[in-house]
Structure formats: C-alpha cells, structure tokens
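A.B. asks: One structure coming up, written as structure tokens, with questions to follow.
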Amino acid sequence: PSITRGVTVEIPKVSWDDIGGLQGLKKKLQQAVEWPLKHAAAFARLGVSPVRGVLLHGPPGCSKTTLAKAAAHAAQASFFSLSGAELYSMYVGEGEALLRNTFRRARLAAPSIIFFDEADVVAAKRGGSSSGSTTVGERLLSTLLTEMDGLEQAKGILVLAATNRPHAIDAALMRPGRFDLVLYVPPPDLEARYEILRVHTRNMKVGTDVDMRQLAEDTELFTGAELEGLCREAGIVALREDISATVVCDRHFQTVKNSLRPALTREEID
Ligand code: ATP
293 PSITRGVTVE IPKVSWDDIG GLQGLKKKLQ QAVEWPLKHA AAFARLGVSP VRGVLLHGPP
353 GCSKTTLAKA AAHAAQASFF SLSGAELYSM YVGEGEALLR NTFRRARLAA PSIIFFDEAD
413 VVAAKRGGSS SGSTTVGERL LSTLLTEMDG LEQAKGILVL AATNRPHAID AALMRPGRFD
473 LVLYVPPPDL EARYEILRVH TRNMKVGTDV DMRQLAEDTE LFTGAELEGL CREAGIVALR
533 EDISATVVCD RHFQTVKNSL RPALTREEID
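If you use UniProt numbering, the sequence shown corresponds to residues 293 to 562, in order.
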C-alpha cells in the first residue's frame, strides 16, 4: 500500500494473465483505461481526450471486478471501490459525502480508478417523482454526475462501473464525457473456461488423469466464479479424503462438478 497525503490506497495485484479468456475485452480495456492512465502526458500533448467512464455489464461472477482491478494493476493506478447498494443504504447525506470523499481521495492519489459496483442501484433511471422531493438514488446520481463532470480538469482518474442490469442505468450517465464506453462481459465460452480452469489450478498439484479440456466442455453455463470454486473445492475434497494426499485427481473434480448447479441459464447466454 502506498501512502498519499494521509490516504492509504492499494494498487491491486491481479494482472491480465489472471483472467482467462476475454482477449478482445482485455485489449479494449488496455486502450481505454491502461494507456490514458499510464501516458496521460502523451494524450494531452496530442489533444486526445481519453474516456472518463467505462460501464461493464454482464452476469454476476464473470470478472467485471477482476477486469477493473487488472486494469488498475496494469496502469499502476490506485484502486477505489464503491458499492452502489452500500451507498444507497447509508444515512441521509452519508452516501453523497462518501462519493465526494472518494473522488477527492482519488484525485490526490492519481492515477486512480474508481470502481463502482452495483452501479444500477445508484444510477437507476430517474422516475420523475410526483411529490417533488428527491429520492436517495436521485441525490446520489446527481452527486455522481457532478463529480464525473468535474473530472475534466483532473488528470488520470477513470470511473469503471459494473452492473447486471444495464437497462436500468439512467441515460444521463451515457452522455459524452461520462460513460463513453459500454462493454459487455459475457459468460465464459469453451476456450475461456479452459483458460479459467488453468488459471485457478496454476498453483495446485493436479493429477495426470485430469483432462482440463474435457472439464471445460463439461462445465457449460459455469461462470468464472463457479469454476474458481470448483478448483478450490476439488482440492478440499482431496484433502478430506486423505490429508496426506499429494495430488488432486479427476474424481475429486468430478465429485464437486456433479454437486454444483450453475446459476446461469441457457437463455441468459444466448
Ligand atoms: P459480480 O457481478 O457478482 O460483482 P463480477 O462479474 O464482478 O461479479 P468477479 O468478482 O470479478 O465477478 O469474479 C468473481 C471471482 O471469479 C473472482 O474471484 C475471479 O477470480 C473469478 N473469475 C471470474 N471470471 C474469471 C476469469 N475470466 N478468469 C479467472 N477468474 C475468474
């Protein structure tokens, strides 16, 4: 962790290589996030204005958060994480204060990435409430918009937001200079599942009878999070069977795989 004027922040350790699949998406994030943060001066010299916000959307557990962290790692940027649901549940005024405070800290610690999880909770479409009073969500949204518009002068700060419900996001956030880039993070396909399994067994002793290709084929509809869980659980099953085990074998993977029901459905994928 680095200390910047009393603000302790951490640069995430996860790298692009820790994310299986999603090659095209990683490339887009490198261009839109990593480069502008790393080479802010070059962008300014050419008068190229980088994107200020990126919206990542897709089903849960498919690496939206991990992608944001890997982008921060690659750019050696401080990573600030906010949860829409948490902001929403705070006392009156506290959520707005935390938002403003986070942007202030991010400016001090720049280059910075502010990651905004469950963004739809805060950035939901404004309902045009008839009572004339503003709701918690509306106040948080207007604070977020003010802060994002204020990023103009500040260099080296990017907002990445994640949601499972992109259609619920207020159109005001999609205007130029706000979330200019919208990227879909899909559930892993066969090749991606294979790579994810490889990532999460990298440091495991895996038996020669384990066919990762076959396992990737047999785990259709599994998310990255579920594949990670499968690898970890297989290790635990092996240890539970024999605490002096030296490898995790195919039967351990099979036991766990057969006990798991993926949360995604085929309709969500097609
Ligand atoms: P949520 O919408 O629930 O916040 P998310 O899309 O942000 O989910 P992550 O939190 O990034 O998903 O991923 C959850 C876990 O799954 C992480 O610990 C990560 O290691 C693992 N994971 C997901 N996708 C991948 C992937 N493509 N490669 C390697 N690991 C992955």
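Glycine included, every Cβ here is placed at the ideal spot set by N, Cα and C.
Between which residues of its own chain and residue 402 is the CB-CB distance below 6 Å, once the five residues before and five after are set aside?
C.D. replies: Cβ within range, chain order: 448 and 449.
A.B. asks: Here's the rule I'm using: 16 or more other beta-carbon atoms within 10 Å means buried, otherwise exposed. How should residue 461 be labelled?
C.D. replies: Flag for residue 461 reads buried.
A.B. asks: Answer with buried or exposed for residue 486, where buried requires no fewer than 16 other C-beta atoms within 10 angstroms of its C-beta.
C.D. replies: That one is buried.
A.B. asks: Can you look up residue 395 in the DSSP assignment and give me helix, strand or coil?
C.D. replies: Helix at residue 395.
A.B. asks: Closest to residue 363 by C-alpha separation, out of 513, 430 and 327, would be which residue?
C.D. replies: Nearest option by C-alpha distance: 327.
A.B. asks: Have a look at residue 441 and residue 391 and give me their C-alpha separation to the nearest angstrom.
C.D. replies: Each residue's Cα considered, the two are about 14 Å apart.
A.B. asks: Given 8 Å as the limit, is there contact between the region 376–386 and the region 476–492, that is, 3 or more CB pairs closer than that?
C.D. replies: Touching, no, given that fewer than three Cβ pairs across the two stretches are closer than 8 Å.
A.B. asks: Per DSSP, what are the beta-bridge partners of residue 404 in this structure?
C.D. replies: In DSSP, residue 404 forms a bridge with 370 and 449.
A.B. asks: In angstroms, rounded to a whole number, what distance separates the CA positions of residue 495 and residue 386?
C.D. replies: Rounded to whole angstroms, residue 495 to residue 386 spans 42 Å at the Cα level.
A.B. asks: Just reading off the beta strand (DSSP E) that residue 476 is part of, what are its end residues?
C.D. replies: It spans 471–476 - the beta strand (DSSP E) in which residue 476 sits, taken as one unbroken run.
A.B. asks: Take every Cβ of the region 510–522, pair it with every Cβ of the region 530–544, and state whether three or more of those distances are shorter than 8 Å.
C.D. replies: Too few Cβ pairs lie closer than 8 Å, so no.
A.B. asks: Cβ-heavy atom distance between residue 511 and the ligand ATP below 7 Å?
C.D. replies: Result no, Cβ not under 7 Å from the ligand ATP.
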